[in-house]
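There are 2 protein chains.
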Amino acid sequence: MDIKFVKRDVLKEKPDQKNLGFGKYMTDYMFEIDWIRGEGWVNPRIVPYGPIEMDPAAVVLHYAQETFEGLKAYRTKDGTIQLFRPEMNARRMQRSNERLCMPSLDEETFVEAIKALVNVEKDWVPSEEGTSLYIRPVVFANESALGVHMANEFKFVIMCCPVGAYYPEGINPIKILVEDELVRAVKGGTGFTKCGGNYAASILGQVKAEKMGCTQVLWLDGVERKYVEEVGTMNIMFKIDGEIYTAPIDGTVLPGVTRDSMLQILKEWGYKIHEEHVAIDDIMKAGHEGRLEEVFGTGTAAVISPVGELVYKDDSVTINDFKIGELTQKLYDELTGIQWGKLEDRFGWTQTI
Amino acid sequence: MDIKFVKRDVLKEKPDQKNLGFGKYMTDYMFEIDWIRGEGWVNPRIVPYGPIEMDPAAVVLHYAQETFEGLKAYRTKDGTIQLFRPEMNARRMQRSNERLCMPSLDEETFVEAIKALVNVEKDWVPSEEGTSLYIRPVVFANESALGVHMANEFKFVIMCCPVGAYYPEGINPIKILVEDELVRAVKGGTGFTKCGGNYAASILGQVKAEKMGCTQVLWLDGVERKYVEEVGTMNIMFKIDGEIYTAPIDGTVLPGVTRDSMLQILKEWGYKIHEEHVAIDDIMKAGHEGRLEEVFGTGTAAVISPVGELVYKDDSVTINDFKIGELTQKLYDELTGIQWGKLEDRFGWTQTI
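Those protein sequences? They're chains A and B, same order as listed. So that you can map any letter, position 133 of the first sequence is 133 in our numbering, and since no number is skipped, the others follow by simple counting. In our numbering, each residue's number is its place in the second sequence (first place is 1) plus 353.
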């Protein structure tokens, strides 16, 4: 790919690495490429980060033809920069785009574009403990047309922002509301994709959870309102009687890269893993019987979020005395160890830039 | 509301009224108003229609916080212009926005904004038989922020385009695929709203239907895959043994303004109406037994779309010999008669501008 580079006159000042937050500071540049029906992907370029012009009748603003991805670049102790399994994001975006009738970059081009942008922005990859450069690829239909249809023009953009540790004070258990009214996804829908519509639909559940003193929502299946699926924007795992339970990837749950990585590590460590539909009633029962040893969410942003309490209707269970579990901590240390290059990458997950 | 007006130097040339199509020609102006948390709705203005600047990290491009509406302005024989039940669109957008955690204009302001814009654009309201001015209000989150949250900044825009008769050669029956795999909506989701995500998720079904030689999709419920819900972007009604059946408004089906108007007319005409869940198996059975007299979709764009054939799995039924039904035609004539001011508006549905 021949990427055009448009230099900006003045670079931004880099923010304090101790107060990065999430998504507060966009870097100097972004990658852009356009798709036009009949021509394919055209005009790859790295240009100064800034506003794009959009027609008010652009398809994305009315019919939400849009998908995105999220991954990070990590600075290792020796100063090199590495990506974590970017090919997984490329493939997931392809699956998202198929469902949404949108064009995809091939895997190689997707990864090449990310590497090219991170290479330009390498001074933006922070070095403080727990920090990283968050990378956000997004593709949306920018054709101007009010009829509902498979759009004929798309724009793919990659933007970056340095981010701090998701939980600056270290990973602490959170309290979660099991949502029994609102639904995130159903088979035959878009639950397995990272399309905008899934996230728009989820905000009300999040607001409701916060009103009830909870940090996140645990979604149940949309058909029987019985089986656990995801928590907020993360996958979720349960350790019961020493074994791991998590929802299978069969249409409604996002196939998380962190989820997949955790499962591989857990398998290596000899854990028995059940990728199956688990009823919330069984989880609560295990909790009351003292067999629900650990619960944690997994995702790129937070890596791992221990769950200290589950609230379901009039019932609630506390997990591991609201303290981070031993396995949860061990998984966090293992995965972040590989990501920041402190531990040997025996799975071949990292790619140096 | 004190609406600022920014005049454009040169007005566009008006298109040929005989070849308007749908959404091909945007008018000269658009209405815009912004919402900022803590301030509310600010800066109402009518400005030249044209591109808006958007940050690549705008919430709408990633998380699809967006809803829209659709209605029309009609030119009557004496040259006056009238709207059809715009307060219904105002109220529906409020319900959409509540589900999506978005701010709404109050009903009065919503209608006032539409009237102000149509008044400026009155020369754009076409007079040819079957033509009208399509009006598209849309609201979306334009805050720049990558965290999933209830956004703090929104933009509400109204745009217009003159449109031709939806079916230029007159209303003709269409062939419809009953979709048994993909799902449009489920209880607890966003099916009753006009949010972008619903439409993005529906495109694949439409593509699949077209591949099978059908014009539209008939969606079944997401839980049992058994009950009829909507067709494409319209509501659907069945006349069986002289009585009318249509899905109830209970969470998954869009509360159509045309649907509501048709039901009021049908009630006045003495038809027995069943707003209830009807199984596709019963519809197909009625078809094979010759009791399925008429089937039609209802919506603002096409007003009424007669269905000539239903294809479901390996089965299919033809309705009324693939000819438009007597009641379907009568309903079309009645409703369009009121909309274009040819018939007395005994329901008080129209508002003159």
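The C-beta atom is built at its ideal place from N, Cα and C for all residues, glycine as well.
Mind pulling the chain B residues with CB within less than 8 Å of residue i?
i       : result
P126(A) : Near P126(A) there are no residues of chain B at all, since even the closest Cβ is about 16 Å away, more than 8 Å.
K360(A) : Within the shown structure, residues of chain A are numbered from 1 to 353, placing residue 360(A) beyond reach of any answer.
V223(A) : V539, G575 and V576
C160(A) : None at all; the shortest Cβ gap to chain B is about 10 Å.
V157(A) : P409
Does DSSP classify residue i as helix, strand or coil?
i       : result
W477(B) : helix
M93(A)  : helix
E34(A)  : The residue you asked about is not Glu; residue 34(A) is Asp in the sequence shown. Three-state result, D34(A): strand.
E621(B) : helix
G117(A) : The sequence given here has Leu at residue 117(A), not Gly. Three-state DSSP puts L117(A) in a helix.
K360(B) : coil
L105(A) : coil
N142(A) : coil
Q418(B) : coil
K508(B) : strand
Q370(B) : helix
V648(B) : strand
E642(B) : coil
T484(B) : coil
I636(B) : helix
F437(B) : strand
R489(B) : strand
R699(B) : coil
L453(B) : coil
T258(A) : helix
Since residue i meets chain B, which of its residues come closer than 9 Å, beta carbon to beta carbon?
i       : result
C214(A) : Correct list: empty, because the minimum Cβ distance to chain B is about 15 Å.
Q65(A)  : G549, Y552, A553 and I556
M88(A)  : None at all; the shortest Cβ gap to chain B is about 19 Å.
So residue i contacts chain B; which residues on that side make the cut at Cβ distance below 7 Å?
i      : result
F68(A) : H415
P51(A) : E406, M407 and D408
Just the chain A side, please: which residues come within less than 9 Å of residue i by C-beta, in chain order?
i       : result
M379(B) : D55, P56, A57, S144 and L146
What does residue i touch in chain A if you count any residue whose Cβ is under 8 Å from its own?
i       : result
C454(B) : I203, L204 and V207
F735(B) : The requested residue 735(B) is not part of the displayed model; chain B covers only 354 to 706.
T586(B) : V148
F493(B) : L61
M637(B) : Those do not exist, as M637(B) stays about 20 Å from chain A at its closest Cβ, beyond 8 Å.
Taking just the CA atoms, how far does residue j sit from residue i?
i       : j       : result
R452(B) : S144(A) : 27 Å
G595(B) : R92(A)  : 50 Å
T689(B) : V656(B) : 8 Å
T429(B) : S480(B) : 8 Å
E482(B) : V510(B) : 28 Å
C101(A) : F140(A) : 11 Å
N372(B) : V478(B) : 14 Å
S305(A) : A538(B) : 30 Å
F347(A) : G341(A) : 12 Å
Q94(A)  : Y25(A)  : 28 Å
D2(A)   : V59(A)  : 28 Å
E582(B) : Y416(B) : 26 Å
G604(B) : V584(B) : 16 Å
E716(B) : G423(B) : Limits of chain B in this structure are 354 at one end and 706 at the other, which puts residue 716(B) out of reach.
F358(B) : A466(B) : 12 Å
E13(A)  : I81(A)  : 21 Å
I135(A) : C161(A) : 7 Å
E628(B) : E179(A) : 29 Å
M54(A)  : Q692(B) : 33 Å
E344(A) : D260(A) : 18 Å
V311(A) : Q216(A) : 11 Å
Going along chain A, which residues have a C-beta under 7 Å from residue i?
i       : result
L535(B) : G188
R489(B) : L146
M446(B) : Simply none; closest approach about 13 Å.
Next on the checklist: Measuring CB atoms only, is the stretch 489-505 of chain B touching the stretch 201-212 of chain A, in the sense that at least three cross pairs come out at less than 8 Å?
Outcome noted: yes
Checklist entry - Which runs of the alpha helix (DSSP H) spanning at least 4 residues fall entirely within the stretch 158-244 of chain A, listed in chain order? => result 196-211
Next on the checklist: Tell me whether the stretch 387-403 of chain B and the stretch 165-180 of chain A touch, counting them as touching only if at least three CB pairs, one residue from each stretch, are closer than 8 Å.
Outcome noted: no
Checklist entry - At which residue ranges does the stretch 308-342 of chain A contain complete alpha helix (DSSP H) runs of 4 or more residues, listed in the order of the chain? => result 326-339
Item to check | Three CB pairs or more closer than 8 Å across the stretch 663-673 of chain B and the stretch 636-653 of chain B | outcome: yes
Checklist entry - Between the stretch 427-443 of chain B and the stretch 399-407 of chain B, are three or more C-beta pairs nearer than 8 Å? => result no
Checklist entry - Contact between the stretch 108-124 of chain A and the stretch 568-585 of chain B: three or more CB pairs below 8 Å? => result no
Next on the checklist: Using a Cβ distance threshold of 8 Å, determine whether the stretch 185-198 of chain A contacts the stretch 324-335 of chain A, with at least three qualifying pairs required.
Outcome noted: no
Item to check | Stretch pair the stretch 623-641 of chain B + the stretch 591-609 of chain B: three plus CB contacts closer than 8 Å | outcome: yes
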